[in-house]
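Accompanying notes for the structure given below.
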Amino acid sequence: NKKVAVIGHFPNLEELIPYCQLSILERNPQGLDFPDPACEYILPRQEIVFITGTAFTNKTMPRLLTLAKDSQIILVGPTVPISGVLFNYNVDIISSTVVLDEELVWTAVKLGGKMKAFKSGGQMVNIKKLC
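If you read the sequence shown in my numbering, its first letter stands for residue -10, the second for the next number, and so on.
Structure, rendered in structure tokens:
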């Protein structure tokens, strides 16, 4: 029953609603999503916050990390850099992808980055911050 926020609408997130107090923040909201500017009010009140690597690309990562500083912060997705430096910015877990088949993944990127190709061409890794 923890307060959980997810930046970005992923498929099947609604299935988590019975297990936590879920807030989904999305640039293009759908259903029960909150528009992404609501992060200013929602993130400081969360216990767990999931942030995608897209936040690096759209330059929102610094603000999101600041707003979620009192939460457990988990960075997720293949675009999250696997770097221990992130642990200096209140990140608790890095969940990203290590490329195993460069050609397959590069082809997937050129075709729009379908997750299935990432899964078969890479290995998901989770790195947890040491105390």
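Ideal placement from N, C-alpha and C gives every residue a C-beta, glycine not left out.
Bridge partners of residue i, per DSSP?
| i | result |
| --- | --- |
| Ser12 | Ala(-6) |
| Leu119 | Leu119 pairs with nothing; no bridge assigned. |
| Gly111 | Val88 |
| Phe23 | Leu14 |
| Val65 | Thr41 and Ser84 |
Residues in its own chain within less than 8 Å of residue i by CB, not counting five upstream and five downstream?
| i | result |
| --- | --- |
| Ile82 | Gln61, Ile62, Ile63, Leu64, Asn115, Ile116, Lys117 and Lys118 |
| Glu29 | Leu56 |
Under DSSP, the beta strand (DSSP E) around residue i begins and ends at which residues?
| i | result |
| --- | --- |
| Lys58 | No beta strand (DSSP E) holds Lys58; DSSP gives it neither H nor E. |
| Val87 | Ile82 to Val88 |
| Phe39 | Ile37 to Thr41 |
Apply the 10 Å Cβ neighbour rule to residue i and answer buried if 16 or more other Cβ atoms are within range, or exposed otherwise.
| i | result |
| --- | --- |
| Glu15 | buried |
| Leu56 | buried |
| Pro70 | exposed |
| Leu21 | exposed |
| Thr46 | exposed |
Quick check on the DSSP output: the alpha helix (DSSP H) that includes residue i runs from which residue to which?
| i | result |
| --- | --- |
| Ile31 | Cys28 to Ile31 |
Once the 5 residues before and after residue i are set aside, which same chain residues still bring their CB inside 6 Å of it?
| i | result |
| --- | --- |
| Leu11 | Val(-7) and Leu5 |
| Pro18 | Pro24 |
Please go through the same chain and pick out, in chain order, the residues whose beta-carbon is closer than 7 Å to the beta-carbon of residue i, but skip the five residues on each side of it.
| i | result |
| --- | --- |
| Ser109 | Leu93 |
| Thr41 | Ile(-4), Gly(-3), Val65 and Gly66 |
| Can we say the region 23 to 41 touches the region -7 to 4, given the rule of at least three CB pairs closer than 8 Å? | yes
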